[in-house]
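The structure appears right after this line, and notes come after that.
In the numbering used here, the protein residues as written are 59 to 346.
Below is the structure:
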């Protein structure tokens, strides 16, 4: 009997790369094109919008979807498709800027707290308890109400509140990684704390944070649209999905397309980020 016959079918099957496994996930293959198209629309909306999103035509007020205006027109005769496409720039910007600073701050603080523990860990625990006691949206609205409406203040508010969740996740991962031999070996070999944290612990602990970040970007779009709907985020006449929904709420029975079309854009983009996050979880998960 040869050695090959002693091996299980799984053992003799050619090893697949992580990318091959991820690309076989239907969700990941759906999410990537959605976000790719969304990014393209955000970068160059003028190439795809059939009209000027702010052009007012009082002869075409609240027209239903047609060949000339596939998404209809709004109360000022502006083309809804052009406004939805134009809003991609703002909402995709929200997805990145509303989360990236919170992630960077949270990852840094979480890594330091997880490594040093002690009094810093105790203080951090009290901060986490104070933040998670209140709903996230309520805290963000409170900060925006103090700073004033607008995109910049919205980014600041989300960063002030959102870093805690990244820090808590990173702290837990760093503590887990410190139980491995490579972390102890770095300390025994006399490496500086900065080298151990940022060159050894952080690269091995960052995977769950990246996956969470992708999901958080979909939530940031939803949160930014909610604030826009409430008048605390993007301000008219700037095209933004939450603002567009708010503009159409008074005409929901007579001009349903005004709120439906930007709502569909929110759902599709959010699903795209979530599906990519699930795919990255499989791609970056440690393999035995």
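Yeah, the Cβ is synthetic: ideal placement off N, Cα and C, and Gly gets one too.
I need the straight-line Cα distance from residue i to residue j, nearest angstrom please.
i: residue 202; j: residue 148; result: 18 Å
i: residue 326; j: residue 246; result: 50 Å
i: residue 174; j: residue 127; result: 60 Å
i: residue 209; j: residue 243; result: 46 Å
i: residue 228; j: residue 317; result: 38 Å
i: residue 298; j: residue 315; result: 15 Å
i: residue 121; j: residue 136; result: 10 Å
i: residue 303; j: residue 324; result: 11 Å
i: residue 150; j: residue 289; result: 19 Å
i: residue 197; j: residue 107; result: 36 Å
i: residue 167; j: residue 337; result: 27 Å
i: residue 330; j: residue 118; result: 33 Å
i: residue 161; j: residue 271; result: 7 Å
i: residue 180; j: residue 301; result: 42 Å
i: residue 199; j: residue 256; result: 34 Å
When burial is assigned at 16 or more other CB atoms within 10 Å of the CB, is residue i buried or exposed?
i: residue 143; result: buried
i: residue 98; result: exposed
i: residue 125; result: exposed
i: residue 103; result: buried
i: residue 66; result: Reliability of the predicted coordinates at residue 66 is poor, the pLDDT of 44 falling under 50, and the value obtained from them is presented with this limitation in mind. Per the 10 Å Cβ criterion, exposed.
Go to residue i, then tell me how far its alpha helix (DSSP H) extends in each direction, as first and last residue.
i: residue 229; result: 209 to 235
i: residue 333; result: 315 to 342
i: residue 116; result: Unbroken run through residue 116: none, as it is neither H nor E.
On the three-state DSSP scale, how would you describe residue i?
i: residue 97; result: helix
i: residue 251; result: helix
i: residue 166; result: helix
i: residue 110; result: coil
i: residue 157; result: helix
Please name the residue, chosen from the options, that lies closest to residue i on a Cα-to-Cα basis.
i: residue 279; options: 291, 240 and 181; result: 291
i: residue 223; options: 253, 252, 261 and 159; result: 159
i: residue 145; options: 176, 167, 115 and 96; result: 96
i: residue 273; options: 284, 231 and 333; result: 333
i: residue 259; options: 283, 230, 219 and 275; result: 230
i: residue 215; options: 194, 226, 105 and 233; result: 194
i: residue 165; options: 115, 153 and 226; result: 226
i: residue 251; options: 264, 312 and 236; result: 236
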